[in-house]
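In the working numbering, the protein residues as written are 20 to 167.
Structure record follows, encoded as structure tokens.
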Ligand SMILES: [Zn+2]
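What follows is the structure, given as structure tokens:
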């Protein structure tokens, strides 16, 4: 099935989503390892460079807002404007996570050398992304003139 990569060496099924964050990191070059024969798997360079562009330019955040605005339009007008804005962004987040999940299921994985050093996205990076998201939300809230 899509959630598993069949090990090319021993035929074992490797769960692609061993960690939940793999739905985002697998396409960024996160390495999977077969539990039985310890073969490493990784996506190819093309997928990796596309996702690095996607991540580094912040297009993901822009998509998040665009999808959020679309959801805001789709939501009934009877809902309070502020609540609607937050709910729409939440829907947008779930929607994009779902797309990322599908991408993680379909991207190709190939045998690779053991990683030089374990590629671990640092905690600081995620904190920075979180702060950036908050700043952008604050900016948009201000821009749309929403009052809390
Ligand atoms: Zn194996």
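Built from N, CA and C at the ideal position, the CB exists for glycine as well.
How far does the beta strand (DSSP E) with residue i in it reach, from first residue to last?
i           : result
residue 131 : 128 to 131
residue 61  : 59 to 62
Going by beta-carbon coordinates alone, are residue i and residue j separated by less than 8 Å?
i           : j           : result
residue 46  : residue 107 : no
residue 87  : residue 111 : yes
residue 51  : residue 128 : yes
residue 159 : residue 84  : yes
To the nearest angstrom, how far is it from the Cα of residue i to the Cα of residue j?
i           : j           : result
residue 125 : residue 115 : 15 Å
residue 72  : residue 130 : 23 Å
residue 90  : residue 102 : 12 Å
residue 113 : residue 132 : 34 Å
residue 105 : residue 31  : 43 Å
residue 49  : residue 81  : 24 Å
Does at least one heavy atom of ligand 3 sit under 7 Å from the Cβ of residue i?
i          : result
residue 28 : This structure lacks ligand 3; its bound ligands are ligand 1.
With DSSP as the reference, please indicate the residues paired to residue i in a beta bridge.
i          : result
residue 34 : 23
How far does the alpha helix (DSSP H) with residue i in it extend, from its first residue to its last?
i           : result
residue 100 : 100 to 125
Within the chosen definition, does the segment 20 to 32 reach the segment 48 to 63 through at least 3 CB pairs nearer than 8 Å?
yes
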